[in-house]
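Residue 287 in the numbering used here sits at position 31 of the sequence shown; the count goes up by one each step and never skips. Note that beta-carbon positions come from the ideal geometry of N, C-alpha and C, so glycine has one too. Remarks on the structure that follows.
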Amino acid sequence: MINVSQIKEGIVLDHINQGSGYRIFSQLKLDKLEDVVVLLRNIPSNKMVKKDLIK
Numbered sequence: 257m258i259n260v261s262q263i264k265e266g267i268v269l270d271h272i273n274q275g276s277g278y279r280i281f282s283q284l285k286l287d288k289l290e291d292v293v294v295l296l297r298n299i300p301s302n303k304m305v306k307k308d309l310i311k
């Protein structure tokens with residue numbers, strides 16, 4: 257398992273439907289940012305079975 261540290265300043269997009277994270281990441285043009293951005297896919301979730309997350 258990969259451990260992603262807590263952010264000090266910024267936004268977390270959580271509870272993204274499984275498989276939709278990359279589309280949202282691209283639409284927001286997050287690949288163009290100079291800052292660190294993490295796209296986590298297929299994370300186990302109690303409410304959604306699996307989810308995507310952008311941090």
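Status (buried if at least 16 other CB within 10 Å, exposed otherwise) for residue i
i	result
K307	buried
I310	buried
I272	buried
Distance, residue j Cα to residue i Cα
i	j	result
Y278	V294	11 Å
I263	E290	16 Å
P300	D287	24 Å
D270	M304	11 Å
S265	S276	Reading the sequence as shown, one finds Glu at residue 265 and not Ser. So the two alpha carbons sit approximately 24 Å from each other.
Beta-carbon proximity of residue i to residue j, cut-off 8 Å
i	j	result
Q274	N302	no
Q: Starting from the N-terminal side, write out each stretch of the alpha helix (DSSP H) that is 4 residues or longer and does not extend beyond the stretch 260-307.
A: 277-283
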